[in-house]
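Below you'll find the structure, written out as structure tokens, and then a few comments.
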Amino acid sequence: MIALAKRLPWRLIGYVLAAVLALAALNHFAGYVPFTPQWQAKRAEAKADRLEAQVSTLEREATGNAEIATATETFHTREIIIREGTAEAIAQARNAPDADAPLTDERASRLRSADFRLCSEFAGLCADADAAGSRPDAVPPAGPAG
Amino acid sequence: MLTLPEAARTPCRLPVLPDNPTQADLDAAYLARGEAVAVCDGRRDLAVQSFDAQTRALQPPPRRSIWRFITGG
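Here the protein sequences line up with chains W and F, keeping their order. For what it's worth, the working numbering labels the leading residue of the first sequence as 384, then goes sequentially. For what it's worth, the working numbering labels the leading residue of the second sequence as 138, then goes sequentially.
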């Protein structure tokens, strides 16, 4: 083993290692010298990284928009089902035998008072409860709801 | 840029009784309020899903792996 170590050309190995290190250092520092191939390669790599990041951002945005579109479609489908069911139920209520029976004044007043408290607590939740005919969310007084 | 759906921005509206309400008006208001709650919850869910999608989209991309760094790939 020792004989083998003695036979190796250590000086030559040293020169080769030194040359490799010198070349690596030269290659590294050439990256900072403008218009050298290393400098151009470094710039190209930085540009590729930037573009890669942009593509990644666009991909994630596209995925997010697709998810939102799916959720919106699901919501609208459910909304249509809910509204159709409610319209049907309201139409049945309008055709009930006691549909036209007025609520007692006391009951109507109690309900209106509760609505008033609710609507004044949360501004914009209800239409103006005092202005008859100007309430887009007021339940239509007669006829099947659409 | 992600877009928040218009439905998620729409405020909830509470149907109220008309003047001189009848039994049918009361029934209709009850049903319409149920509908309003269900639709409003759907809008809330839509807003939450949009927020989650936006949060995921804004997460930074994964960092370059050490192997790519070594190999320069």
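Think of the CB as a built atom: it goes at the ideal place given N, C-alpha and C, for glycine as much as any other residue.
Quick one: list the residues of chain F neighbouring residue i, beta-carbon separation under 7 angstroms, in chain order.
i, result
"A484 (chain W)", "T159 and Q160"
"E462 (chain W)", "V176 and G179"
"T419 (chain W)", "In chain order: nothing, as chain F lies at least about 17 angstroms away."
"R500 (chain W)", "Residues of chain F passing the Cβ test: none, with the nearest at roughly 12 angstroms."
"A427 (chain W)", "By Cβ distance, chain F contributes nothing, its closest Cβ being about 12 angstroms from A427 (chain W), past 7 angstroms."
Which residues in chain W have a C-beta closer than 7 angstroms to the C-beta of residue i? List them in chain order.
i, result
"R200 (chain F)", "Within 7 angstroms Cβ-Cβ: nothing; R200 (chain F) doesn't reach chain W, min ~11 angstroms."
Does residue i come within less than 7 angstroms of chain F when only Cβ atoms are used?
i, result
"G414 (chain W)", "no"
"D488 (chain W)", "no"
"L494 (chain W)", "yes"
"I473 (chain W)", "yes"
"A388 (chain W)", "no"
"F458 (chain W)", "yes"
"A431 (chain W)", "no"
"R477 (chain W)", "yes"
"A405 (chain W)", "no"
"A401 (chain W)", "no"
"A497 (chain W)", "no"
"A424 (chain W)", "no"
"A515 (chain W)", "With a pLDDT of 36 at A515 (chain W), under the threshold of 50, the modelled position of that residue is not reliable, and no figure is offered here."
Note down, in chain order, every chain W residue with its Cβ under 8 angstroms from the Cβ of residue i.
i, result
"C149 (chain F)", "L508"
Between residue i and chain W, is there a C-beta pair that is closer than 7 angstroms?
i, result
"A184 (chain F)", "no"
"V176 (chain F)", "yes"
"P142 (chain F)", "yes"
Our contact map puts residue i next to residue j with C-beta atoms below 8 angstroms; I'd like the distance itself, whole angstroms only.
i, j, result
"Q158 (chain F)", "A491 (chain W)", "Correcting the residue type first, residue 158 (chain F) is Pro in the shown sequence and not Gln. Contact holds; Cβ gap of about 5 angstroms."
"A472 (chain W)", "L183 (chain F)", "So it is not a contact: roughly 24 angstroms between Cβ atoms."
Residues of chain W with CB under 9 angstroms from residue i, in chain order?
i, result
"S193 (chain F)", "For clarity, residue 193 (chain F) is Arg in the given sequence; the question names Ser instead. Result: R443, T446, G447 and E450."
Can you name the residues of chain F whose CB is closer than 9 angstroms to the CB of residue i?
i, result
"L434 (chain W)", "The contacting residues do not exist; L434 (chain W) stays about 12 angstroms from chain F at best."
"L409 (chain W)", "Within 9 angstroms Cβ-Cβ: nothing; L409 (chain W) doesn't reach chain F, min ~17 angstroms."
List, in chain order, every chain F residue whose beta-carbon is nearer than 8 angstroms to that of residue i.
i, result
"A491 (chain W)", "L154, N157 and P158"
"R466 (chain W)", "E172 and V176"
Under 8 angstroms, with one C-beta from each stretch per pair, do the stretch 443–456 of chain W and the stretch 177–197 of chain F reach the 3-pair mark? yes
Just checking, does the stretch 172–186 of chain F make contact with the stretch 459–466 of chain W on the three C-beta pairs under 8 angstroms criterion? yes
Does the stretch 160–172 of chain F come within contact of the stretch 477–491 of chain W, defined as at least 3 CB pairs closer than 8 angstroms? Cβ pair count under 8 angstroms is three or more, so yes.
Kindly confirm or deny that the stretch 424–442 of chain W and the stretch 142–150 of chain F touch, where touching means at least three C-beta pairs closer than 8 angstroms. No, they do not touch.
Entirely within the stretch 451–523 of chain W and at least 4 residues each: give me those alpha helix (DSSP H) ranges in chain order. As far as the stretch 451–523 of chain W is concerned, its whole alpha helix (DSSP H) runs of at least 4 residues are 488–504.
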